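Structure first, then comments.
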Amino acid sequence: IDSEDDLLQECISSAMPKKK
Amino acid sequence: PTPPYLKWAESLHSLLDDQDGIHLFRTFLKQEDCADLLDFWFACSGFRKQENNEGNEKMLKLAKAIYKKYILDNNGIVSRQIKPATKSFIKDCVMKLHIDPAMFDQAQTEIQTMMEENTYPLFLKSDIYLEYT
């Protein structure tokens, strides 16, 4: 089970632009 | 072609559309003790994007995590910039388990406006940005 922080971090990263 | 760092000065969105721009802006915000503003903004975008491929349980967990970390504490930098009505709307959604992909949209807009009017112009005048350019 993901901790809340991991979940948040994953969510934040998913919204970031991918490397160009 | 226009170098990326000149594009960053065009709008907050051009800055947040570039990995290096985000990194530099975050370093600046960290110095000012308000990196949470940026993290919250991306958390809201990420939350909205997950609507189709994530189960409800994960959405609920994530909504609770965002609420707990950024909104619940009234002294937090994000919480202080969000209108009371917006905060109680989000609290209601979490308490009643009404999880909606758009539930953080209004709060995200309020934080974005604050960054556009305040931290983003300061960033463009900061040593950290000027040195980079």
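Taken in order, these protein sequences are the chains called U and P.
Read in order, the letters of the first sequence correspond to residues 4 to 23 in the numbering used here.
Read in order, the letters of the second sequence correspond to residues 242 to 374 in the numbering used here.
Each residue gets a CB set at the ideal place from its N, CA and C atoms; glycine is no exception.
Quick caveat: nothing in here was measured; it's all calculated off a predicted structure.
Backbone secondary structure at residue 350 of chain P - three-state DSSP
In the second sequence, residue 350 of chain P corresponds to position 109, counting from 1. The answer is helix: DSSP assigns residue 350 of chain P an H, G or I state.
Is residue 262 of chain P buried or exposed, if buried means 16 or more other CB atoms sit within 10 Å of its CB?
Counting from 1 along the second sequence, the entry for residue 262 of chain P is found at position 21. The residue is buried, with at least 16 neighbouring Cβ atoms inside 10 Å.
I'd like the ranges of any alpha helix (DSSP H) spanning at least 4 consecutive residues and lying wholly in the stretch 254 to 305 of chain P.
260 to 272, 276 to 290
What residues of chain U sit near residue 303 of chain P, judged by a beta carbon separation below 8 angstroms?
Position 62 of the second sequence, counted from the start, is the residue given in the question as residue 303 of chain P. Going along chain U in sequence order, the residues near residue 303 of chain P (Cβ under 8 angstroms) are 10, 11, 14.
Within 8 angstroms (strictly less), CB to CB, does residue 288 of chain P reach chain B?
Annotation note: the requested chain B is absent from the structure, which comprises protein chains U and P.
Could you check the C-alpha separation between residue 358 of chain P and residue 257 of chain P for me, to the nearest Å?
Position 117 of the second sequence, counting from 1, holds the residue named residue 358 of chain P. Position 16 of the second sequence, counting from 1, holds the residue named residue 257 of chain P. C-alpha separation (whole angstroms): 15 angstroms.
What in chain U is Cβ-close to residue 405 of chain P, meaning under 9 angstroms?
This structure cannot settle anything about residue 405 of chain P, because the visible part of chain P is limited to 242 through 374.
is_contact[residue 266 of chain P, chain U] using C-beta, thresh 8 angstroms:
In the second sequence, the residue the question calls residue 266 of chain P occupies position 25. With 8 angstroms as the cut-off, residue 266 of chain P does not count as an interface residue toward chain U.
Cβ neighbours of residue 279 of chain P in the same chain (closer than 6 angstroms, five flanking residues each side left out)
To locate residue 279 of chain P, count along the second sequence from 1; it is residue 38. Excluding positions up to five away in sequence, the list reads 267, 270.
Counted within 10 angstroms of its Cβ, other Cβ atoms place residue 9 of chain U as buried (16 or more) or exposed
Here residue 9 of chain U refers to the residue found at position 6 when the first sequence is read from its first residue. Label assigned to residue 9 of chain U: exposed.
Using beta-carbon positions only, say whether residue 285 of chain P and residue 318 of chain P come within less than 8 angstroms of one another.
In the second sequence, residue 285 of chain P corresponds to position 44, counting from 1. In the second sequence, residue 318 of chain P corresponds to position 77, counting from 1. Not closer than 8 angstroms, so no.
Buried or exposed for residue 368 of chain P, going by 16 or more other Cβ atoms inside 10 Å?
Numbered from its first residue, the second sequence carries residue 368 of chain P at position 127. Under this definition residue 368 of chain P is an exposed residue.
Give every residue of the same chain whose Cβ lies closer than 6 angstroms to the Cβ of residue 347 of chain P, excluding the five residues on either side of it in the sequence, and list them in chain order.
Here residue 347 of chain P is taken as the residue at index 106 of the second sequence, counted from 1. Correct list, in chain order: 327.
Which residues in chain U sit within 9 angstroms of residue 283 of chain P, going by Cβ to Cβ distance?
Here residue 283 of chain P corresponds to residue number 42 of the second sequence, with the count starting at 1. By Cβ distance, chain U contributes 14, 15, 16, 17, 18, 19.
Once the 5 residues before and after residue 272 of chain P are set aside, which same chain residues still bring their CB inside 8 angstroms of it?
Residue mapping note: residue 272 of chain P aligns to position 31 of the second sequence, counting from 1. Result list for residue 272 of chain P: 369, in chain order.
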